[in-house]
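If you're matching them up, the sequences are chains C and A in order. Residue numbers for the first sequence, in the numbering used here: 25 to 250. Residue numbers for the second sequence, in the numbering used here: 25 to 250. By construction, the Cβ of each residue, glycine as well, lies at the ideal position given by its N, Cα and C atoms. Predicted model, so just to flag it, every value in this text is computed and none were measured. Please read the structure below before turning to the comments.
Protein chains: 2
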Amino acid sequence: MGDRVAKDALFDGFARITKALSSGRRSEIVDLLAQGERSVEEIASEIGQSVANTSQHLQQMLKAGLVRTRRDGNRIYYSLAGGRVLDLWAAVRDVAAEHLAELDSLAAAYLGDRSALQTISRAELVDRMRRGDVVVLDVRPEPEFRAGHIAGAVSMPLDELRRKVRGVPKDREVVAYCRGPYCVYADDAVRTLQRRGYRAARLEDGFPEWSRNGHPVENDVDSPAS
Amino acid sequence: MGDRVAKDALFDGFARITKALSSGRRSEIVDLLAQGERSVEEIASEIGQSVANTSQHLQQMLKAGLVRTRRDGNRIYYSLAGGRVLDLWAAVRDVAAEHLAELDSLAAAYLGDRSALQTISRAELVDRMRRGDVVVLDVRPEPEFRAGHIAGAVSMPLDELRRKVRGVPKDREVVAYCRGPYCVYADDAVRTLQRRGYRAARLEDGFPEWSRNGHPVENDVDSPAS
DNA sequence: GTGCTTGTCAAGTGTTCGATTGAATAGAAG
DNA sequence: CTTCTATTCAATCGAACACTTGACAAGCAC
């Protein structure tokens, strides 16, 4: 049955990929980099770790081939190595949601109660945008919007939304989206809008999934894709 | 930015899935269980580990929700928890093949040189089976064939193939398939057939991928799916 | 050049992991 | 009830891991 040693080595190779994702902190990094490239310092502050520690996590992911780097001045930007990495991350989330017993309670603890939030599928949004009866809000931080967003969406980061709700037209339903299925921004936005009497819904998942499924995307500056 | 503790806990949850796959031995187990359920002893012997050690690996995967168990007499059968787990495993393999630098040499060390092997895509095989100009051989061990195989394929485990090559018609091209892209059985079969003057090719990937992509499947006994 | 910023590297510490061994359990068979 | 088989549990040991701290390197600003 083949060569045991070689077979073990091959599967240890596959395991290097999963090992690179097998820490909660590194998972957070992948989820973050799905929005676009980030410097080490930005990543460190997003995941709440020291720069040195973050750097070491990134080195591991780099060795496994999950991320790539780009130097600009004395800053180093990390980004995902390719679209397949996103597929992998989506598969991990799906399996966790479907099979990991305690994920529901973990998600509820972080996201709060979602039962009052309307959600709308990508297909449905495409349809309704074509009919022109929705306003689509990108509620991520503005730099992420600039790096790439749903074609036709308007940038409206959370803090800005609270100040400028009045500017949002009330005659159409509002759809908010953010980083992905486990991101709280769109939830917050929808709750805020509902409280002010808007009809508001949350897009399923977030921008990376929209883009990954071949839906139309715009960006202000050219940024690396794959 | 939400609750750091809850966010960390949530992503540690996702990491439990990848951790369950982050050992070469456990990866081998998933690859094996993709063919159907197995007892602990069978798994242990396939991955070349002690039963006690294998049992512990299985316990870990069970806690992460990747596998499920079924008791029959005093034997316990493990199987994958669902089709999404297969998708996840496929994504891991893809990312490894695409981004992990040393995977090529690891694969070459285990599989040998594949450059002389013709391969045929699933779509092409569907097409040619419809035209009736190919013989499809399932070269996995016979019990796996019985648990599920490509509709219209013939069971021909490797040792049997060597004894009964003459029985295989020479007027049509032969397509062999086995457990998956990193399984050596079909490679062996194709090499054997080529040596005897057959036109032979290997199906891309293997049975689990065929089934997972919605292609027609038959099985002799009813066995659990999804 | 000196200083400043951004990242990496190396060493140290407590924790977790993989494998081994041997004992313990659950169910089937006698 | 005893014996056998299949599996799990518990204790152990060395290796690997996550995070910290402090030193070092690379690029900019002056």
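Query, Result
"Any chain C beta carbon closer than 7 Å to A:Glu242", "no"
"Buried/exposed call for A:Asp128, threshold 16 Cβ in 10 Å", "exposed"
"Beta-carbon proximity list for A:Ser255, same chain, < 7 Å, skipping 5 on both sides", "Absent from the model: residue 255 of chain A. The displayed extent of chain A is 25 to 250, so no value can be given."
"Residue interval of the alpha helix (DSSP H) (run including A:Tyr209)", "209–219"
"Rounded Cβ spacing between C:Asp211 and C:Leu135 (contact assumed at less than 8 Å)", "6 Å"
"Cross-strand partners of C:Thr143 (DSSP beta bridge)", "C:Arg226"
"Where A:Gln59 falls, given that 16 or more other Cβ within 10 Å makes a residue buried", "buried"
"Proximal chain A residues relative to C:Lys31, where beta-carbon distance stays under 7 Å", "Tyr134"
"Beta-carbon proximity list for A:Arg94, same chain, < 6 Å, skipping 5 on both sides", "Tyr101"
"Chain-ordered neighbours of A:Gly37 on chain C, where CB pairs are closer than 7 Å", "Ala120, Leu124, Glu126, Leu127, Leu130"
"Chain A residues whose Cβ lies nearer than 7 Å to that of C:Asp111", "Ala115"
"Beta-carbon contacts of A:Ala177 that lie in its chain and below 7 Å, excluding the five residues immediately before and after", "Val160, Leu161, Asp162"
"Per-residue contacts from A:Glu52 into chain C (C-beta, under 7 Å)", "Phe35"
"CB contact check: C:Gly172 to chain A, cutoff 7 Å", "no"
"Listed by chain order, chain A residues near C:Arg108 by CB distance under 8 Å", "Ala115, Asp118, Val119, Glu122, His123"
"Where C:Asp27 meets chain A, residues with beta-carbon distance less than 8 Å", "Ala133, Tyr134"
"Close-in-space but distant-in-sequence residues of the same chain around A:Ser51 (CB under 7 Å, 5 per side omitted)", "Leu45"
"Nonlocal neighbours in the same chain, by C-beta distance under 6 Å from A:Val54, ignoring five residues either side", "Trp113"
"C:Asp212 CB to nearest heavy atom of the ligand ADP below 6 Å", "Of the ligands one can find in the structure shown there are none, so the ligand ADP has no counterpart to examine."
"Neighbour flag for A:Ile67 against chain C, beta carbons, 7 Å", "no"
"Where the segment 203–231 of chain A meets chain C: residues whose CB sits under 7 Å from a CB there", "Tyr206, Val208"
"Interface residues of chain A facing C:Arg94 [CB-CB closer than 7 Å]", "Simply none; closest approach about 16 Å."
"Chain C residues whose Cβ lies nearer than 7 Å to that of A:Leu90", "His123"
"When C:Asn237, C:His81, C:His123, C:Gly48 are compared against A:Leu86, the one with the closest alpha-carbon", "C:His123"
"A:Gly37 in three-state terms, based on DSSP", "helix"
"Whole-angstrom C-beta distance between A:Val189 and A:Ala225, which should lie under 8 Å", "Actually they do not touch by this definition, with Cβ atoms about 16 Å apart."
"Sheet register partners of A:Ile53 (DSSP bridge)", "BP columns for A:Ile53 are empty, so no partner."
"C:Pro193 classed as buried or exposed, judged by whether at least 16 other C-beta atoms fall within 10 angstroms", "exposed"
"Presumed contact (8 Å Cβ cut-off) between A:Tyr209 and A:Arg164, rounded CB distance", "6 Å"
"Closest Cα partner of C:Ile41 within the set A:Ala133, A:Glu65, A:Ser74, A:Glu126", "A:Glu126"
"Spatial distance of C:Asp118 from C:Arg154 (CA atoms)", "29 Å"
"Contact set between A:Gly43 and chain C, taken where Cβ atoms lie within less than 7 Å", "What sits at residue 43 of chain A in the sequence shown is Lys, not Gly. Per Cβ cutoff of 7 Å: Ser46."
"Within the segment 116–187 of chain C, ranges of the alpha helix (DSSP H) (whole runs, at least 4 residues)", "127–135, 146–155, 166–171"
"Identified DSSP bridge partners for A:Val91", "A:Leu104"
"Within chain A, the residues that C:Arg40 reaches when beta carbons sit closer than 8 Å", "Ala120, Leu124"
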